[in-house]
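S.K.:
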Amino acid sequence: MESIHTDKAPAAIGPYSQGIKVNGVFYSSGQIPLTPDGNMVEGGLRAQTHQVFSNVQAVLEEAGASLNTVIKASVFTTEMEDFSIINEIYGEYFHAHQPARSCVGVAALPKGALIEIEVTALVE
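In the working numbering, the protein residues as written are 880 to 1003.
(1) Out of S963, V949, Q927 and P912, point me to the one whose CA is closest to A979's CA.
(2) Looking at Q910: is its Cβ nearer than 8 Å to the Cβ of E971?
(3) Going along the chain, which unbroken runs of the alpha helix (DSSP H) with 4 or more residues stay wholly within the region 893-968?
(4) Let me check understanding here. Comparing Cα to Cα, which of G893, T928 and L913 lies closest to N966?
(5) Among all the DSSP beta bridges, which residues are the ones paired with T999?
(6) Could you check if I994 is buried or exposed, using at least 16 other CB atoms within 10 Å of its CB as the buried criterion?
(7) The beta strand (DSSP E) with G984 in it runs from where to where?
(8) So, is P934 buried or exposed, given that buried needs 16 or more other C-beta atoms within 10 angstroms?
(9) If we count the other Cβ atoms within 10 Å of its Cβ and call it buried at 16 or more, is P912 buried or exposed?
(10) Do V985 and K900 have their beta-carbon atoms positioned less than 8 Å apart in this structure?
(11) Taking 7 Å as the limit between beta carbons, can you name the residues of its chain near S908, skipping five residues before and five after?
(12) A1000 to G923, Cα distance in whole Å?
(13) Could you check the C-alpha separation between S945 and T885 for me, to the nearest Å?
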């Protein structure tokens, strides 16, 4: 079992790692729209979703995985009324390869984020 850490994504905001790699599978912690230096992205759901994907890609890369090896994504949002915006942006990152996904509406997310995404991926 190996804990994953990269400076290309924000540090964990609690006592956990950015992800764990075990037996050829990577499990990410939830990524919220913080920049690698820990600042919340401004600009609403669109900007925040793109930042989350940037963070997800960074931890995947550090683990030896990629968006093309993601087998499951879990999306949490406080903005279910903007589900179509989430789908639009999600589709920019997962177009040819479409992993299994859940999308759950929640009352609140850490640091006031509008969206959080965690993934499970095969390690290349």
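Glycine included, each C-beta is placed from N, C-alpha and C at the ideal position.
M.R.: On the basis of the supplied data:
(1) Nearest C-alpha to A979: V949.
(2) For Q910 and E971, no; Cβs fall outside 8 Å.
(3) For the region 893-968, whole alpha helix (DSSP H) runs of length 4 or above, ordered along the chain, are 923-942.
(4) Nearest option by C-alpha distance: T928.
(5) Y906 and K951, per the DSSP bridge assignment.
(6) Burial call: buried.
(7) Annotation for G984: the continuous beta strand (DSSP E) segment containing it runs A979 to G984.
(8) First, the amino acid is wrong: residue 934 is Asn here, not Pro. Per the 10 Å Cβ criterion, buried.
(9) So P912 ends up on the buried side.
(10) In this structure, V985 does not lie closer than 8 Å to K900 by Cβ.
(11) Once the five neighbours on either side are set aside, the close Cβ partners of S908 are A891, Y895, S896, Q897, G898 and E997.
(12) Distance between the alpha carbons of A1000 and G923 is about 28 Å.
(13) One Cα belongs to S945, the other to T885, and the distance between them is close to 14 Å.
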